[in-house]
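Residue numbers (this note's numbering): 1333 to 1583.
The beta-carbon is built from N, C-alpha and C at its ideal position, and this holds for glycine as well.
Remember, predicted model here, so these are calculated numbers, not experimental data.
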């Protein structure tokens, strides 16, 4: 009976508690190197790669720390404006826990070009592709919630649909980057920039705007201007795709 948004905030809080201490320790080591002449991250002894391990062990869960609350917001908006209960409540909650666990097991897919052992790289490829499964479950459940629903295309609903659109299109390019054989060639190109900004940056903003448009009247007792809201949505989604999608074809 607990709202899915509440589940998402709970899991996000756990991710924060587990991920941030690693980054704090890495920053402490970096401060020790810079101000006291330490050699924690000395490149001569592999310290540069150690920094990447510590950073990405924090950095990949951080992607979901940012995204999970918006998963919850979208899961609250879709049932309201499609006049249907959320499809597959237990699957939505279970997939969220699966994402949270796998988020801590895929960090080295950012490090395929650092000289990572190829067998170890293949393990991270498998774990990275596995995280697509619970993500796909969420997308399937969102779309099934909309299926044959009595949909009202309010500004909040449009931004929620835009979030799912960006999450799908950005997530599909993540399958390419999660494959070490392809990532070696795509690393340090605009393909990575496009993937990251679509799936995390722009999608998260769409989730945030969806929440603002949905809950602002409940919070403040006033409606926002619908005409301006629709202009806001269409200019933003068209602009976002025009900015980032062509990057996939850059060198």
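Residue i - DSSP class collapsed to helix/strand/coil
i            : result
residue 1349 : helix
residue 1396 : helix
residue 1365 : helix
residue 1391 : helix
residue 1416 : coil
residue 1441 : helix
residue 1496 : helix
residue 1480 : coil
residue 1487 : helix
residue 1450 : helix
residue 1578 : helix
residue 1539 : helix
residue 1462 : helix
residue 1527 : helix
residue 1505 : helix
residue 1549 : helix
residue 1424 : helix
residue 1372 : coil
residue 1429 : helix
Alpha-carbon to alpha-carbon, residue j and residue i
i            : j            : result
residue 1561 : residue 1570 : 14 Å
residue 1576 : residue 1538 : 15 Å
residue 1315 : residue 1429 : Outside the shown range of the chain, which is 1333 to 1583, sits residue 1315, and nothing can be said about it.
residue 1423 : residue 1445 : 35 Å
residue 1449 : residue 1517 : 17 Å
residue 1481 : residue 1416 : 6 Å
residue 1536 : residue 1402 : 6 Å
residue 1455 : residue 1447 : 15 Å
residue 1377 : residue 1370 : 12 Å
residue 1353 : residue 1374 : 21 Å
residue 1563 : residue 1364 : 50 Å
residue 1554 : residue 1503 : 36 Å
residue 1572 : residue 1565 : 10 Å
residue 1372 : residue 1379 : 6 Å
residue 1390 : residue 1368 : 25 Å
residue 1499 : residue 1475 : 12 Å
residue 1397 : residue 1452 : 26 Å
residue 1497 : residue 1366 : 44 Å
residue 1550 : residue 1333 : 21 Å
residue 1410 : residue 1479 : 11 Å
Option nearest residue i by Cα separation, candidates the options
i            : options                : result
residue 1382 : 1399, 1367, 1362       : 1362
residue 1492 : 1443, 1414, 1451       : 1414
residue 1347 : 1433, 1375, 1456, 1380 : 1433
residue 1341 : 1526, 1408, 1450       : 1408
residue 1443 : 1520, 1526, 1499, 1529 : 1520
residue 1356 : 1376, 1333, 1388       : 1388
residue 1477 : 1418, 1559, 1349, 1394 : 1418
residue 1567 : 1470, 1513, 1534       : 1534
residue 1404 : 1366, 1374, 1540       : 1540
residue 1513 : 1553, 1397, 1464, 1441 : 1441
residue 1335 : 1470, 1425, 1391, 1439 : 1425
residue 1436 : 1368, 1551, 1344, 1475 : 1344
residue 1431 : 1438, 1490, 1466, 1397 : 1466
residue 1593 : 1559, 1460, 1464, 1497 : What the structure shows of the chain is the stretch from 1333 to 1583, and residue 1593 is not part of that stretch, so it cannot be assessed.
residue 1385 : 1367, 1500, 1359       : 1359
Contact set for residue i: own chain, Cβ-Cβ below 6 Å, skip 5 residues either direction
i            : result
residue 1412 : none
residue 1427 : 1466, 1469, 1470
residue 1420 : 1473
Close beta carbons around residue i, own chain, < 7 Å, minus the five adjacent residues each side
i            : result
residue 1511 : 1457
residue 1495 : 1402, 1406, 1535, 1538, 1539, 1542
residue 1556 : 1545, 1548
residue 1438 : 1392, 1456, 1459, 1460, 1463
residue 1394 : 1351
Residues near residue i by beta carbon distance below 8 Å, same chain, minus five either side
i            : result
residue 1505 : 1523, 1526, 1527, 1530, 1531, 1580
residue 1337 : 1401, 1404, 1405, 1407, 1408
> Would you call the segment 1481-1489 and the segment 1538-1548 touching, i.e. three or more CB-CB distances under 8 Å?
Replying inline: yes
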